[in-house]
Amino acid sequence: MNVSLMLLAAYLLGAIPCSYLVSRWAGRDLRALGDGNIGAHNVMRHVGRGWGWLALLLDAAKGALAVLLALYVAGPGWLPVLAGWLAALGHNYPLWLRFRGGKGLATSFGVVLALFPGLIWLILGGAALLLLLTRNLAFSGVALGLALSVIAWLSDYPVSYVVAPLGLLLLMAWKQLPDLVRMWREAPDKRDLIMNRWIRDREAKL
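If you want it as structure tokens, here you go:
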């Protein structure tokens, strides 16, 4: 398969709005619920936990599938990493919803699981432990991504795999930045914003 077509397929796969489709299946419109975020956490909060877990699994699965297809076509290297990044980009900016998507955490999680099959239990255990200790999705995602890059570097993974989690973190940060700036400007109580929205993660998004 042509490399350009493979990467386009990765974006289009990531752009499938699984969380939105799950909400529609449940008879709701995710764009009109909560903060309107097209992600699994919003589904879990406003549609139901069962629907939320389904959305999370589907969002993660499309990220993993994009990587696995690239691995099948080209083997380990830069192509699977680029495919994973483009799947996350597609989730964040889906063509089908006028580029209004989620934050990419669940899809990125699927990407790293597919890129590092030998570390699956470490990744799953680390994610569970971080969430248990911090109750903060954003912090847990950043910490896990940074730790995974260090582990990949120490374990002599290719450079492409070392930077793969960092690229995913940058995509998530870029998507989140406008919301963070807006919240900071609009918040009447900056301390409350920092404690309740950013540290305690009461409005975390996937």
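Just so you know, we're using the working numbering here: the sequence shown kicks off at 24 and counts up by one.
Positions of the beta carbon are idealized from the N, C-alpha and C atoms, including for glycine.
LEU77 and ASN65 have their alpha carbons spaced roughly 12 Å apart.
Between TYR184 and LEU120, the gap from beta carbon to beta carbon reaches 8 Å or more.
The beta carbon of GLY168 sits closer than 8 Å to the beta carbons of SER131, VAL135, PRO188, LEU189, LEU191, LEU192 from its chain, once the five residues preceding and following it are set aside; these are given in chain order. Out of GLY125, ASP58, PRO201, LEU177, the CA that lies nearest to the CA of ASP82 is found in GLY125. Using a Cβ-Cβ distance cut-off of 8 Å, the stretch 139-155 and the stretch 53-61 are not in contact, since fewer than three pairs of beta carbons, one from each stretch, lie closer than that value.
Considering only LYS198, LEU79, LEU200, LEU28, the residue with the shortest C-alpha distance to VAL96 is LEU28.
Non-local beta-carbon contacts of LEU154 in its own chain, meaning distances under 8 Å to residues more than five positions away in sequence, involve LEU160, SER163 in chain order. In the same chain as ALA84, and ignoring 5 residues on each side of it, the C-beta atoms closer than 7 Å to its own belong to GLY133, in chain order. Contact between ILE61 and ARG123 holds, with the beta-carbon distance rounding to 6 Å and staying under 8 Å. Setting aside the 5 residues that flank it on each side, GLY113 is surrounded in the same chain by TYR34, GLY37, ALA38, each with a C-beta closer than 6 Å to its C-beta; the list follows chain order. Restricting attention to alpha helix (DSSP H) runs no shorter than 4 residues, the stretch 33-103 encloses them at 41-48, 63-69, 72-97, ordered along the chain. Non-local beta-carbon contacts of LEU91 in its own chain, meaning distances under 6 Å to residues more than five positions away in sequence, involve ALA137 in chain order. Per DSSP, the unbroken alpha helix (DSSP H) holding TRP176 starts and ends at 160-177. With at least 16 other beta carbons inside 10 angstroms of its own, GLY75 counts as buried. Ranked by Cα distance from GLY127, the first of TRP197, TRP48, LEU156 is TRP197. In this structure ASN25 is exposed. Its beta-carbon is surrounded by fewer than 16 other beta-carbon atoms within 10 angstroms.
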